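Position in the sequence shown (first residue = 1) + 74 = the working numbering.
Every residue gets a Cβ at the ideal spot worked out from N, C-alpha and C, and that includes glycine.
All values derive from a computational prediction rather than experimental measurement.
All remarks here apply to the structure that follows.
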Amino acid sequence: MKSLIFILLFIGFASASDKPTLVEFYAKWCIPCLEMEKTVFKDPAIKKYLRQNFNFIRFDTDKNENVFCEGETLPVLACMELWDVNGLPAFAILDKNGSLRHITVGEFDKEGFLNFLKAIKK
Numbered sequence: 075m076k077s078l079i080f081i082l083l084f085i086g087f088a089s090a091s092d093k094p095t096l097v098e099f100y101a102k103w104c105i106p107c108l109e110m111e112k113t114v115f116k117d118p119a120i121k122k123y124l125r126q127n128f129n130f131i132r133f134d135t136d137k138n139e140n141v142f143c144e145g146e147t148l149p150v151l152a153c154m155e156l157w158d159v160n161g162l163p164a165f166a167i168l169d170k171n172g173s174l175r176h177i178t179v180g181e182f183d184k185e186g187f188l189n190f191l192k193a194i195k196k
């Protein structure tokens, strides 16, 4: 219940912002997810770019918490199914109203992820 309240508050905050929301779906057993955690998400330039340009939220798919997805409260895995997410790591881009705009599945290196973020921001 605590996570659902957080998600609803986050979505409310995100909708009040002009920034798009980047949602990452990951798992502790996912080797590419772990590699990105150690390299990409530790990079100061990426941290700064994310903070300045996106509302960023991460979901551990093993916890399968309830999230607000497409106007409903659903378990993370059901949301992933609804959005046709077929692998990890996955990145969903939501507009300021919380509507899905884009899904990308797969691992990035630092340069590739920064290029991905910059392309989305345009």
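So residue i packs on residue j, CB below 8 Å; how close in whole Å?
| i | j | result |
| --- | --- | --- |
| K184 | D117 | 5 Å |
| R98 | F165 | In the sequence under discussion, the amino acid at residue 98 is Glu, which differs from the Arg named in the question. With a Cβ gap of about 6 Å, E98 and F165 count as contacting. |
| P163 | C107 | 5 Å |
| N127 | K195 | 5 Å |
| Y100 | T135 | 7 Å |
Measuring CA to CA, which of the options is closest to residue i?
| i | options | result |
| --- | --- | --- |
| L156 | I194, K137, R132, I177 | I177 |
| D132 | M154, E144, F190, K195 | In the sequence as presented, Asp is not what sits at residue 132; that position holds Arg. Nearest of M154, E144, F190, K195 to R132, Cα basis: M154. |
| N129 | F190, D92, F182, E181 | D92 |
| F142 | A152, D136, D134 | A152 |
| L96 | E181, N189, L174 | L174 |
| N138 | N189, F115, M110, K102 | K102 |
| T113 | D134, N160, G172, E181 | E181 |
| D158 | D134, V179, T147, N140 | V179 |
Just grab the DSSP bridge partners of residue i for me.
| i | result |
| --- | --- |
| R132 | E98 |
| V179 | A164 |
| L174 | L168 |
| L148 | V141 |
Would you kindly report the start and end of the unbroken alpha helix (DSSP H) that includes residue i?
| i | result |
| --- | --- |
| N140 | Premise fails: N140 lies in the beta strand (DSSP E), 140-143, not in any alpha helix (DSSP H). |
| F187 | 184-195 |
| K112 | 105-112 |
| K121 | 118-127 |
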